[in-house]
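*Asks:* Questions regarding the structure given below will be posed in turn.
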Amino acid sequence: HNNSLKSVFFTDINTGFIAGAYGTQLITINGGINWSPQFAGTNTTGFTISFPSANTGYVGLYIGKLLKTTNAGANWELLTPPVSSNIGYLQFTDNNTGYLSISNNIIHKTTDGGANWNSLTTGVAGQIPSFVFVNPNTGFGACQTGGLIIKTTNAGVNWQTINTGFAAESFGRIYFKDVNSGYILTSLSNMLTTTNSGLNWVQQITGATQGISDIFFTDLNTGYLSSSQGNLLKTTNGGVNWSPQSTGAT
38 HNNSLKSVFF TDINTGFIAG AYGTQLITIN GGINWSPQFA GTNTTGFTIS FPSANTGYVG
98 LYIGKLLKTT NAGANWELLT PPVSSNIGYL QFTDNNTGYL SISNNIIHKT TDGGANWNSL
158 TTGVAGQIPS FVFVNPNTGF GACQTGGLII KTTNAGVNWQ TINTGFAAES FGRIYFKDVN
218 SGYILTSLSN MLTTTNSGLN WVQQITGATQ GISDIFFTDL NTGYLSSSQG NLLKTTNGGV
278 NWSPQSTGAT
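Counting from 38, one number per residue, gives the positions in the sequence shown under this note's numbering.
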C-alpha cells in the first residue's frame, strides 16, 4: 500500500521527522538524504508533528490520541487531548505552550505541556484544518472554505479574518517561515504564497503531481513538501524550485 505522509517537521537543518499512515514514523539526521524508521508505540496514522525544542516533541494522531517525547523521539508517552476526535493539526511554541485543532472552528491551547487545554474563539464558522505560530504571539490559521485565513498577534486571544481572494480553493496546510513569508497548500496541488504577512497572496507551482499534505522550512531557503503518495520534495532557494527526495516510504 502507499504510505501517505501526513506531516514533516525539522528540529534543525539536519534532524527531521515524518509521521504517516500505518504507524509510520521516519527520522533523518542528514538533512533528508536518508530516512530510517522510528517506533512511536502506535500503529495508527500520525497527522501532525511539533518539536518546540530538540528533545521535546508532540504527535497528534488520527484517532484522537496525543503522544509526547522528552528525549528526541526515543520514548513516547500518551497524553489525553481535549477532544476524542482526529487531531488535525498541532503546534507548540515552547515545551509547555501549544495549540491543536480538530474538524471544527475551534483551536485549543495548553500552557502546561498538554495536561490541560482551553478553547479559543476564532471568529470564523468554517473548519480550520491547520494553523502556524511564527513566534509566541503571532499565528495564522487556514479556513478550509471561503478563501479565508485568520491571524492573531496576542497568542490566540483575538483573531483577525483576512480574505486571500482564492475562494474557489479548499485550503489545507498553512505555514509561515517568518512573520511575512507564508504558504498555503490547496486542494488543487497548488501553493499560495505571501510576502506581506498574509495581506496578499499569489499562486506558486510546485511541480508536484499528487496532493501535498505538509510543508516545513528549516531556514529561509531550505524547505520540504510531503505528499499523500509518500513522496518528499525539497527546495534550497526559498520555494522557487522543488526537487524529489527519497524517503523509503512506499
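Every residue, glycine too, gets a C-beta built ideally from N, C-alpha and C.
1. State buried or exposed for L262, treating a residue as buried only when at least 16 other CB atoms are found within 10 Å of its CB.
2. Where I68 and L270 are concerned, what is the direct C-alpha to C-alpha distance, given to the nearest angstrom?
3. Rank N141, Q164, V96, N258 by C-alpha distance to the C-alpha of Q128 and give the top, closest one.
4. Below 8 angstroms, can you find three or more Cβ-Cβ pairs linking the segment 176-196 to the segment 148-165?
5. Identify the continuous beta strand (DSSP E) that holds D251 and give its terminal residues.
6. Sort out for me which residues DSSP pairs G150 with in a bridge.
7. Look at the alpha carbon of Y126 and the alpha carbon of G150, and state the distance between them as a whole number of angstroms.
8. Should G235 be labelled buried (16 or more other beta-carbon atoms within 10 Å of its own) or exposed?
9. In this structure, what does DSSP give as the bridge partners for T85?
10. Taking the C-alpha atoms as reference points, what is the distance between T117 and G135?
11. Is it true that the CB of I249 sits closer than 8 angstroms to the CB of G260?
12. Express the C-alpha separation of F203 and D49 in angstroms, rounding to a whole number.
13. Report, in whole angstroms, the separation of the C-beta atoms of G276 and T230, which I expect to be a contact under 8 angstroms.
14. Classify L115 as buried or exposed, calling it buried when 16 or more other Cβ atoms lie within 10 Å of its own Cβ.
15. Report, in whole angstroms, the separation of the C-beta atoms of P166 and F208, which I expect to be a contact under 8 angstroms.
16. Determine whether the beta carbon atoms of A179 and I144 lie at a separation below 8 angstroms.
17. Between the alpha carbons of G183 and N200, how many angstroms are there, rounded?
18. Return the chain-ordered list of same chain residues with a C-beta closer than 7 angstroms to the C-beta of S280, the five sequence neighbours on each side being excluded.
19. For G69, which beta-bridge partners are listed by DSSP?
20. Out of N268, G176, T52, N237, which one is the CA nearest neighbour of S90?
21. Which parts of the segment 121-174 are runs of the beta strand (DSSP E), unbroken and 3 residues or longer, counting only runs that do not cross its ends?
22. I'd like the list of long-range same chain contacts for T130, defined as Cβ closer than 6 angstroms, with 5 residues on each side in sequence excluded.
*Replies:* Concretely, from the data shown:
1. By the Cβ neighbour-count rule, L262 is buried, with 16 or more other Cβ atoms within 10 Å of its own.
2. Ile is not the amino acid found at residue 68; the sequence shown has Gly there. Taking the straight line joining both Cα atoms gives about 12 angstroms.
3. Answer by Cα proximity: V96.
4. With the cut-off at 8 angstroms, the segment 176-196 and the segment 148-165 touch.
5. For D251, the uninterrupted beta strand (DSSP E) segment begins and ends at 249-254.
6. In the DSSP secondary-structure assignment, G150 is not bridged to any residue.
7. Take the alpha-carbon of Y126 and the one of G150: they are about 16 angstroms apart.
8. Burial call: buried.
9. Partner residues in the beta bridge of T85, as assigned by DSSP, are G97.
10. Going from the Cα of T117 to the Cα of G135 covers about 14 angstroms.
11. Against a cut-off of 8 angstroms, the Cβ pair of I249 and G260 comes out as no contact.
12. Between D49 and F203, the C-alpha separation is close to 33 angstroms.
13. With a Cβ gap of about 7 angstroms, G276 and T230 count as contacting.
14. L115 should be labelled exposed.
15. The Cβ separation is near 7 angstroms, so the contact holds.
16. No, these two residues do not count as a Cβ contact at 8 angstroms.
17. Distance from the CA atom of G183 to the CA atom of N200, rounded to whole angstroms, is 8 angstroms.
18. Annotation for S280: L270, K271 place their beta carbon closer than 7 angstroms to its own, counting only its chain and skipping 5 residues before and after.
19. In the DSSP assignment, G69 is bridged to no other residue.
20. Looking at the Cα atoms, T52 is the closest of the given residues.
21. The beta strand (DSSP E) runs lying completely inside the segment 121-174 and spanning 3 residues or more are 126-129, 135-138, 143-147, 155-158, 167-170, given in chain order.
22. F170, P173, listed in sequence order.
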